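**Student:** Under the UniProt record's numbering, the letters of the sequence shown match residues 1 to 265, in that order.
Yeah, the Cβ is synthetic: ideal placement off N, Cα and C, and Gly gets one too.
No experiment lies behind these values; they were computed from the predicted model shown.
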Amino acid sequence: MAHGVSLRTLAKITRRVASVLSSKASRYIRMPATLSEKERSGSAFQAIANMPQVIGALLQTTVRFQPENYATDLDAEELLPAFTNREEELHIQIVCDAAHKIRDLDIRLIEEHSMLTDTEMFGLSKIKDRFEQNEFRGRILLGNEMVRCSSSLFTPVRFPRNQSEELYNHAHAVTYASARKCLNLLMSRFGILGTEIQGSHGSAKQTITALAILHNMAMEWADPSIDTEQNISPFNSTFFNSVGRSPKSGEDNNRRQFIKTHFAA
């Protein structure tokens, strides 16, 4: 009992609020659509460390999830959640902008004993399809070393061989920090993401989506509850097995040309 409200009632209210909020996701979590929005987003990223053509920074993590079964309460004659002892994980992929707002969100249940890599999880996301369909016209995402470099997702050069690649890596690291800070702020605001979410897969997905929307609102309204200028201790993202993550031959040709064009020493 909390403030005269039972935990069961509180859980129901929370899920209803999350359901309503998550239904507004297309309004509050969306990639830049118009030409002016894309240009503003690119300019904001370029202002950080002179990295051009960037429209978003991508980061992945996982959240612990405990699924529920439903049992019948004979006295109340209703279905009540009965949480299992089986703990699973939800994979979260975010794309953020330079203002630390979440622009794209992908949430997936990680199947037991799944051996999918970060790159394969990115390959399942809708945002990859949108880039392949050239919706963003030559603009790129920044990713970390845990995903594979591609024509639309640029990662650091693992072993820089010249000054141009070192300059690129520096600009990438400084610019990509916006993704790390976005995730740090999200986790700092909503501690449940660092512990465990209980419920059905659908309700857990709605909860995470609702929290992402609230995060974007807080950034828009400059919420004073968290000092966004302070150095927040880095959140240790959880990644998948790194086997097979080295770029295939030719996959980083676009990045090589990008470095030659924009970071010539």
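Between the Cα of Gly-194 and those of Ala-177, Glu-145 and Thr-61, spot the shortest distance and give me the residue it belongs to.
**Tutor:** Walking along the sequence shown from the start, residue 194 turns up at place 194. Residue Thr-61 is the option with its Cα nearest to Gly-194.
**Student:** Measuring CB atoms only, is the segment 52-68 touching the segment 182-198, in the sense that at least three cross pairs come out at less than 8 Å?
**Tutor:** Short answer: they touch.
**Student:** If you check the beta carbons only, do Tyr-28 and Ile-192 fall under 8 Å apart?
**Tutor:** In the sequence shown, residue 28 corresponds to position 28, counting from 1. In the sequence shown, residue 192 corresponds to position 192, counting from 1. No, they are not a contact pair.
**Student:** In this structure, how does DSSP classify His-170 when only helix, strand and coil are distinguished?
**Tutor:** In the sequence shown, the residue the question calls residue 170 occupies position 170. In the structure shown, His-170 sits in a helix (DSSP, three-state: H, G or I).
**Student:** Can you give me the C-alpha to C-alpha distance between Val-243 and Thr-117, rounded to a whole angstrom?
**Tutor:** Here residue 243 corresponds to residue number 243 of the sequence shown, with the count starting at 1. Here residue 117 corresponds to residue number 117 of the sequence shown, with the count starting at 1. Unreliable placement is indicated for Val-243, whose pLDDT of 36 sits below 50; the coordinate value is still reported in the next sentence. When rounded, the distance between both Cα atoms is 8 Å.
**Student:** Measuring alpha carbon to alpha carbon, tell me which residue in Ala-204, Thr-155 and Pro-224 is nearest Asn-253.
**Tutor:** For the purposes of this step, residue 253 is taken as the residue at position 253 of the sequence shown. Selected option, being the one with the closest Cα: Thr-155.
**Student:** Which runs of the beta strand (DSSP E), 3 residues or longer, sit entirely within the UniProt domain "DDE Tnp4" (90-216)?
**Tutor:** Those beta strand (DSSP E) runs which fall completely within the UniProt domain "DDE Tnp4" (90-216) and span 3+ residues are 102-110, 140-142 and 197-199.
**Student:** Looking at the structure shown, is Ala-222 part of a helix, part of a strand, or coil, going by DSSP?
**Tutor:** Residue numbering aside, residue 222 sits at position 222 when the sequence shown is read from its first letter. Looking at Ala-222 - three-state DSSP - the assignment turns out to be coil, as it is neither helix nor strand.
**Student:** Under 8 Å, do Lys-205 and His-100 count as touching if we go by C-beta distance?
**Tutor:** Taking the sequence shown and counting its residues from 1, the one referred to as residue 205 is at position 205. Taking the sequence shown and counting its residues from 1, the one referred to as residue 100 is at position 100. No; because the gap between Cβ atoms is not below 8 Å, this pair is not in contact.
**Student:** Between Thr-119 and Val-147, is the Cβ-Cβ spacing less than 8 Å?
**Tutor:** Against the sequence shown, residue 119 aligns to sequence position 119. Against the sequence shown, residue 147 aligns to sequence position 147. Result yes, Cβ atoms of Thr-119 and Val-147 sit closer than 8 Å.
**Student:** For Asp-75, collect the residues of the same chain with a Cβ closer than 8 Å to its Cβ; drop the 5 residues on either side in sequence, then sort them by chain order.
**Tutor:** Indexing the sequence shown from 1 puts residue 75 at position 75. The predicted position of Asp-75 is uncertain, since its pLDDT is 47 and thus under 50; a value taken from the coordinates is nonetheless stated next. Result list for Asp-75: empty, nothing under 8 Å.
**Student:** Quick one: what's Ala-57 bridged to in DSSP?
**Tutor:** For the purposes of this step, residue 57 is taken as residue 57 along the sequence shown, with counting starting at 1. Answer is Cys-96 and Leu-142, bridged to Ala-57.
**Student:** DSSP state of Phe-65, grouped into three classes?
**Tutor:** As a first step, residue 65 is located in the sequence shown; it is residue number 65 there, counting from the start. Three-state result, Phe-65: strand.
**Student:** Which residues in the same chain as Ser-237 place their Cβ atom closer than 6 Å to its Cβ, once the five residues preceding and following it in sequence are excluded?
**Tutor:** The sequence position of residue 237 within the sequence shown is 237, counting from 1. Since pLDDT at Ser-237 reaches only 44, below the 50 mark, its modelled position is unreliable, and no value is offered.
**Student:** State the start and end residues of the unbroken alpha helix (DSSP H) segment that holds Gly-4.
**Tutor:** Taking the first residue of the sequence shown as 1, we reach residue 4 at position 4. Here Gly-4 belongs to no alpha helix (DSSP H), and DSSP marks it neither H nor E.
**Student:** Could you give the residue range of the alpha helix (DSSP H) that holds Ser-26?
**Tutor:** Taking the sequence shown and counting its residues from 1, the one referred to as residue 26 is at position 26. It spans 25-28 - the alpha helix (DSSP H) in which Ser-26 sits, taken as one unbroken run.
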